[in-house]
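I have placed the structure first, in the form of structure tokens, so that the comments after it can refer back to it.
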Amino acid sequence: MEFTITTPLTEYDLEQLHIGDSVFINGVIYTARDAAHKRLVVLIEEDKDLPFDLQGQIIYYVGPAPAKPGQVIGSAGPTTSGRMDVYSPALMDKGLKGMIGKGNRSQAVIEAMKSYKCVYFGATGGVGALLARAIKKVRIIAYEDLGPEAIYQLWVKNFPVIVVNDIYGNDLYKEGVKKYQKIGML
Amino acid sequence: MRQIQYSEVIDVVAQLCQETNFFLPEDVLNSLSKAQSEEKSPLGRTVLAQILENARIAAEEKVPICQDCGAAIVFLELGEELELTDGNLNLYAAIEEGVRKGYKEGYLRKSICHPFTRKNTGDNTPAMIYTDIVPGNKLKIRFCPKGGGSENMSAIKMLSPSEGIEGVKKFVIETVKSAGSNPCPPIVVGMGIGGTFERVALLAKKALLRSVGSQNTDSELAVLEDELLKEINCLGIGPAGLGGSTTALSVHIEMLPCHIASLPVAININCHAARHKEVMI
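Structural data, given as structure tokens:
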């Protein structure tokens, strides 16, 4: 199935999404890699305010290349999501409803996605020049000292992703591999 | 003695950093196109089409193929009859300066940081430089910007000689399988076999510099590369790990004799943006 969704995400948005669905995201999304996640989780542990409201939001795991003069943003493809696994459930507890990255998530994160109702979207790794075209406006909102790892607010139009983990506990990486694996020679 | 100036090395390296990050080489493009026509999964074909479209956009706009513009890995072949002149630099300092200049002027992402504080060095140095001294009066510079996602999925193991070729095969298949979707498949697999602990890793890295789809000049290793490629593509990981028949584009092996007690093996995985380029001065 193909869907177009707009942030912030509603429960209805999440319920209709299943693994393998092609989704085009519109609206505002936020960037964060491991360094920013670590700081966010420290704030949560200290019961302090976060630099943005996570309710219904999507975090994109990306550290963009610098923008050339005239560009909105440099190449901006996903980074490996597994490094965020230790931090993600704490953010879901604060209302996070979507994550965009590449690569598989831990069982703990998959379980948390089920109980908190959060979807993991895969963006194709290594196509940062193409994905940057779907980003229309950029603003740094926190941790500028982290350079490419700062938290940016991105305004996106038809940002293309695939549902990898849905709220029903399914995993496209596992199902996809099962479908195409052959018993080899070894 | 032929003489070249350090300033020339700086400019050549700066340009090399940019061009390698903007233009996916022909061998990789051809291999990806071939994979697109042969891929069995519809979603896999969509991913391969995105990858090819991305390469076209990057080349057209002169922007990085991937935001991860890599650690700057430089292999030098330095001619014995070549003298570098002019200024107070040494050759490595000139390469570092070229990397600094190339990453700044090309708006490439600087991805090198302190291991513990994670503070970025700000200019993508230090470069990782390896040198071979060769006959002649030329300097060959081979550049390979290497992304973190695929580098993290690489592995090294000191096998027992009794494990033999079957042990080597098992290790590479297990490594690729556990890497799964993380290293941005379809991948290129660089393998080092033999040598010593440090040398085998370097062999695996050097194997990635070979043209994608090229065959080993040693016919027995060529057969092994072919067999491993088929085996890896039976794993079903596919483009972007979403399932499919193209998990790897190519397997490259470099081998050296080793100690009678050892059988070192290293697997260095490269992503589909298998950037590499060389120039001769």
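From first to last, the protein sequence lines stand for chains G and X.
First residue of the first sequence: 1, per this note's numbering; consecutive thereafter.
First residue of the second sequence: 187, per this note's numbering; consecutive thereafter.
Backbone N, C-alpha and C fix where the C-beta goes; we use that ideal spot for every residue, glycine too.
Bear in mind the structure is a predicted one, so any value in this text is a computation, not a measurement.
What residues of chain G sit near residue i, judged by a beta carbon separation below 7 angstroms?
| i | result |
| --- | --- |
| residue 306 (chain X) | 147 |
| residue 226 (chain X) | 180 |
| residue 294 (chain X) | 65 |
| residue 201 (chain X) | The contacting residues do not exist; residue 201 (chain X) stays about 16 angstroms from chain G at best. |
| residue 236 (chain X) | 124, 127, 130 |
| residue 284 (chain X) | By Cβ distance, chain G contributes nothing, its closest Cβ being about 18 angstroms from residue 284 (chain X), past 7 angstroms. |
| residue 376 (chain X) | Those do not exist, as residue 376 (chain X) stays about 17 angstroms from chain G at its closest Cβ, beyond 7 angstroms. |
| residue 330 (chain X) | The premise fails here: residue 330 (chain X) is roughly 15 angstroms from chain G at the closest Cβ pair, so nothing lies under 7 angstroms. |
Which term fits residue i, buried or exposed, when burial requires 16 or more other beta carbons within 10 angstroms of its beta carbon?
| i | result |
| --- | --- |
| residue 185 (chain G) | Residue confidence for residue 185 (chain G) is low, a pLDDT of 48 falling below 50, so the modelled location carries little weight; the figure read from the coordinates is stated next. Residue 185 (chain G) comes out exposed. |
| residue 1 (chain G) | exposed |
| residue 316 (chain X) | exposed |
| residue 74 (chain G) | buried |
| residue 208 (chain X) | buried |
| residue 466 (chain X) | exposed |
| residue 87 (chain G) | buried |
| residue 176 (chain G) | buried |
| residue 323 (chain X) | exposed |
| residue 62 (chain G) | buried |
| residue 199 (chain G) | This structure cannot speak to residue 199 (chain G), because chain G is shown only from 1 to 186. |
| residue 182 (chain G) | exposed |
| residue 137 (chain G) | exposed |
| residue 411 (chain X) | buried |
| residue 81 (chain G) | buried |
| residue 12 (chain G) | exposed |
| residue 157 (chain G) | exposed |
What would DSSP say about residue i, mapped onto helix, strand or coil?
| i | result |
| --- | --- |
| residue 192 (chain X) | helix |
| residue 38 (chain G) | helix |
| residue 225 (chain X) | coil |
| residue 139 (chain G) | strand |
| residue 467 (chain X) | coil |
| residue 216 (chain X) | helix |
| residue 102 (chain G) | strand |
| residue 51 (chain G) | coil |
| residue 374 (chain X) | strand |
| residue 206 (chain X) | helix |
| residue 146 (chain G) | helix |
| residue 113 (chain G) | helix |
| residue 285 (chain X) | helix |
| residue 17 (chain G) | coil |
| residue 69 (chain G) | coil |
| residue 46 (chain G) | coil |
| residue 369 (chain X) | coil |
| residue 201 (chain X) | helix |
| residue 107 (chain G) | helix |
So which residues of chain G does residue i contact, with C-beta pairs closer than 9 angstroms?
| i | result |
| --- | --- |
| residue 298 (chain X) | In chain order: nothing, as chain G lies at least about 11 angstroms away. |
| residue 423 (chain X) | 173, 176, 177, 180, 181 |
| residue 431 (chain X) | 180, 182 |
What does residue i touch in chain X if you count any residue whose Cβ is under 7 angstroms from its own?
| i | result |
| --- | --- |
| residue 172 (chain G) | 428 |
| residue 68 (chain G) | 249, 293 |
| residue 76 (chain G) | 253 |
| residue 36 (chain G) | By Cβ distance, chain X contributes nothing, its closest Cβ being about 11 angstroms from residue 36 (chain G), past 7 angstroms. |
How would you list, in chain order, the residues of chain G whose beta-carbon sits under 8 angstroms from the beta-carbon of residue i?
| i | result |
| --- | --- |
| residue 366 (chain X) | 103, 104, 173, 177 |
| residue 239 (chain X) | 127, 130 |
| residue 457 (chain X) | 125, 126 |
| residue 243 (chain X) | 129, 130, 133 |
| residue 338 (chain X) | 80 |
| residue 444 (chain X) | Near residue 444 (chain X) there are no residues of chain G at all, since even the closest Cβ is about 23 angstroms away, more than 8 angstroms. |
| residue 335 (chain X) | 79, 80, 102, 103, 125 |
| residue 233 (chain X) | 124 |
Chain X partners of residue i, CB-CB under 9 angstroms?
| i | result |
| --- | --- |
| residue 135 (chain G) | Chain X residues near residue 135 (chain G): none, gap ~12 angstroms exceeds 9 angstroms. |
| residue 62 (chain G) | 253 |
| residue 29 (chain G) | Within chain X, no residue comes near residue 29 (chain G); the closest Cβ sits about 16 angstroms away, beyond 9 angstroms. |
| residue 141 (chain G) | Going along chain X, no residue has its Cβ under 9 angstroms from residue 141 (chain G), so there is no contact; the nearest lies around 19 angstroms. |
Pull the bridge partners of residue i from the DSSP assignment, please.
| i | result |
| --- | --- |
| residue 30 (chain G) | G:59, G:153 |
| residue 125 (chain G) | Answer is none; residue 125 (chain G) lacks a bridge partner. |
| residue 451 (chain X) | X:343, X:379 |
| residue 165 (chain G) | G:120, G:171 |
| residue 22 (chain G) | G:2, G:162 |
| residue 456 (chain X) | X:374 |
| residue 80 (chain G) | G:102 |
Name the chain X residues that come within less than 8 angstroms of residue i, Cβ to Cβ?
| i | result |
| --- | --- |
| residue 25 (chain G) | Residues of chain X passing the Cβ test: none, with the nearest at roughly 16 angstroms. |
Every unbroken beta strand (DSSP E) inside the segment 288 to 325 of chain X [3 residues or more]: 314 to 320
Length at least 3, wholly inside the segment 228 to 274 of chain X: the beta strand (DSSP E) runs in chain order: 257 to 265, 268 to 271
Every unbroken beta strand (DSSP E) within the segment 381 to 443 of chain X, with a cutoff of 3 residues, ordered by chain: Runs found: none.
Alpha helix (DSSP H) segments (min. 4 residues) lying fully within the segment 324 to 367 of chain X: Within the segment 324 to 367 of chain X, the complete alpha helix (DSSP H) segments of 4 residues or longer fall at 334 to 337, 350 to 365, listed in chain order.
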